[in-house]
Amino acid sequence: MATTMQKIKDIEAEMTNEVTLILSYHLGLLKAKLAKARRELINPSGGSGGGGGGLGFDVARTGIASVGFVGFPSSTLMTKLTGTFSEVAEYAFTTLTTVPGTLTVHGAPIIAGLFSLLGLRHDRCSNSSQCTVARTCNLIFIVLDVLKPLGDKAVIESELEGFGIRLNKKPPSILVRKKDKGGINITNTVPLTKMDPDEIKAVLSEYKIANADVAIRQADATPDDLIDVIEGNRVYIPALYVLNKIDAISIEELDLLYKIPNSVPVSSREWWNIDELIEKMWEMLDLTRVYTKPRGQAPDYSAPVVLRRGHATIEDFCNSIHKEISKQLKYATVWGASAKHSRGQKVGLDHVLEDEDVVQLVKK
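Residue numbers are given in full-length UniProt numbering: position 12 of the sequence shown equals residue 12, and the series is strictly consecutive.
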């Protein structure tokens with residue numbers, strides 16, 4: 001690990017050299033080398049890539065969605081939200097291992113099936129196992145102290161970036177198709193504003209790609225985006241910045257905090273603004289609640305079946321209850337936003353459900 005870390009530091013130092021910044025080919029080459037060095041931290045040679053088997057990291061994914069607490073926080077917020085015990089104090093690094101917990105929102109007890117409290121240290125990559133857990137999350141809470149938010153924010157984002165986690169981003173609209181011969185052919189449907197053909201060829205050269213068609217459909221695409229596509233191991237996760245300890249600042253300062261995108265100011269000690277935090281979490285997880293209706297009975301609104309957006313068909317609904325139900329299904333009757341009629345609509349397995357639909361299954 002020490003050798004890899006030294007390699008990363010050497011490459012970063014060379015990238016800041018004035019001559020390097022002028023030579024686009026060389027800069028692209030260094031960025032590719034840096035990405036390959038960081039990959040070794042995610043998947044060390046000879047290892048399983050799981051980030052280690054230390055205590056506290058073998059956490060089963062038991063819920064429909066998982067939320068990770070990442071930062072330099074005390075454990076107060078997660079402890080109060082989930083009722084899960086972990087050491088609590090008003091200073092950072094109280095908890096340095098992954099602690100799972102659960103939270104019930106809108107009647108759905110499995111919305112946050114896993115909360116991971118990740119106490120990152122200031123020395124880079126000291127907790128690679130915890131970053132590996134963060135890669136599996138559906139939403140990340142970056143918990144910041146409002147008295148020093150920007151410094152911590154930069155450190156945490158850099159740490160997660162190094163582990164292939166892209167926050168509040170979509171996968172780049174870049175296609176790299178390798179071929180047997182013909183050299184490098186670059187096409188772009190939009191003007192390239194943040195990289196040139198020399199940088200593209202330098203990146204491909206570092207990955208020993210001599211023949212490929214590269215299609216770029218993103219105007220602001222960068223060499224880093226190209227590297228992400230080639231590496232293929234990046235995860236794109238929505239993030240919410242939780243600005244904690246607002247009880248220590250003025251109203252005027254609080255007004256400024258609300259201008260930060262994707263953020264919610266809270267006070268875990270005074271329990272201020274937690275409702276907004278939970279509602280924002282629900283919105284960003286983008287889950288679909290579906291209620292069951294036995295024949296001849298009223299719908300059961302107490303225990304919804306929770307599905308992920310994009311995986312919310314009648315077949316997904318059936319499989320979430322039991323794998324055999326979809327095979328025995330004759331049709332389903334749906335009431336709610338996805339139904340064409342208020343009196344209900346008969347549908348098949350491919351029908352897409354909306355939040356708070358009611359479903360009655362009819363077997364063959």
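No residue lacks a Cβ here, since even glycine has one placed at the ideal position from N, Cα and C.
{"Asked": "Of the listed residues W335, D357 and D350, nearest to R343 (C-alpha basis)", "Found": "W335"}
{"Asked": "As assigned by DSSP and simplified to three states, the class of G348", "Found": "coil"}
{"Asked": "CB of T313 within 9 Å of CB of D350, strictly", "Found": "yes"}
{"Asked": "Reduced DSSP category for L150 - H, G, I as helix; E, B as strand; rest coil", "Found": "helix"}
{"Asked": "Pairwise C-alpha distance: D228 and R234", "Found": "6 Å"}
{"Asked": "Nearest candidate by alpha-carbon position, reference V352, set L329, T288 and E206", "Found": "T288"}
{"Asked": "Selection from L226, A219, K340 and Q6 that minimises the alpha carbon distance to E206", "Found": "L226"}
{"Asked": "Opening and closing residue of the beta strand (DSSP E) in which S66 lies", "Found": "S66 to G71"}
{"Asked": "Range covered by the alpha helix (DSSP H) that runs through W282", "Found": "I274 to L285"}
{"Asked": "Per-residue DSSP class, three states only, for Q360", "Found": "strand"}
{"Asked": "Cβ shell of G53 (< 7 Å), same chain only, five flanking positions each side left out", "Found": "Only weak support exists for where G53 lies, its pLDDT of 41 falling under 50; the coordinates are left without a value."}
{"Asked": "CA-to-CA distance, G68 to M78, given in whole angstroms", "Found": "10 Å"}
{"Asked": "Entirely enclosed alpha helix (DSSP H) segments - the segment 150-230, minimum 4 residues", "Found": "197-206"}
{"Asked": "Pairwise C-alpha distance: M284 and E354", "Found": "16 Å"}
{"Asked": "Residue environment, N262, which counts as buried when at least 16 other CB atoms sit within 10 Å", "Found": "exposed"}
{"Asked": "Residues of its chain near I325, where Cβ-Cβ distance is below 7 Å and the 5 sequence neighbours each way are ignored", "Found": "C318 and L361"}
{"Asked": "Straight-line Cα distance separating Q345 from Y301", "Found": "19 Å"}
{"Asked": "Test item: CB-CB of N244 and L144 under 9 Å", "Found": "yes"}
{"Asked": "Contact between the segment 146-165 and the segment 182-189 (3+ Cβ pairs under 8 Å)", "Found": "no"}
{"Asked": "Same chain only: Cβ atoms within 6 Å of A339, ignoring 5 sequence neighbours per side", "Found": "Q345"}
{"Asked": "N244 - partner residues in DSSP beta bridges", "Found": "D145"}
{"Asked": "Supposed contact pair V70 and F141 - C-beta distance, whole angstroms, cut 8 Å", "Found": "7 Å"}
{"Asked": "Per-residue burial, G164 [other beta carbons within 10 Å of its own, 16 or more giving buried]", "Found": "buried"}
{"Asked": "Assigned secondary structure, D300 (DSSP; H/G/I helix, E/B strand, else coil)", "Found": "strand"}
{"Asked": "Candidates E279, G232, E252 and L254: closest to L240 by CA position", "Found": "E279"}
{"Asked": "Residue interval of the beta strand (DSSP E) (run including L353)", "Found": "Looking at the DSSP string, L353 is not in any beta strand (DSSP E), and its letter there is neither H nor E."}
{"Asked": "Three-state secondary structure assigned by DSSP to V266", "Found": "coil"}
{"Asked": "Same chain, Cβ closer than 7 Å to T222, neighbours up to 5 away in sequence not counted", "Found": "K194 and M195"}
{"Asked": "Cβ-based burial, K181 [other Cβ within 10 Å; buried from 16]", "Found": "exposed"}
{"Asked": "Y236 and R166 closer than 9 Å at C-beta", "Found": "yes"}
{"Asked": "Outcome for D275 when other beta-carbon atoms lying within 10 angstroms are tallied against a minimum of 16", "Found": "exposed"}
{"Asked": "For T79, the first and last residue of its enclosing alpha helix (DSSP H)", "Found": "T76 to T82"}
{"Asked": "Closest Cα partner of E270 within the set I251, W282, E253 and D247", "Found": "D247"}
{"Asked": "Distance between W282 and V347 (C-alpha atoms, nearest Å)", "Found": "28 Å"}
{"Asked": "Pairwise C-alpha distance: V266 and L147", "Found": "13 Å"}
{"Asked": "I251, enclosing alpha helix (DSSP H) - first and last residue", "Found": "I251 to L257"}
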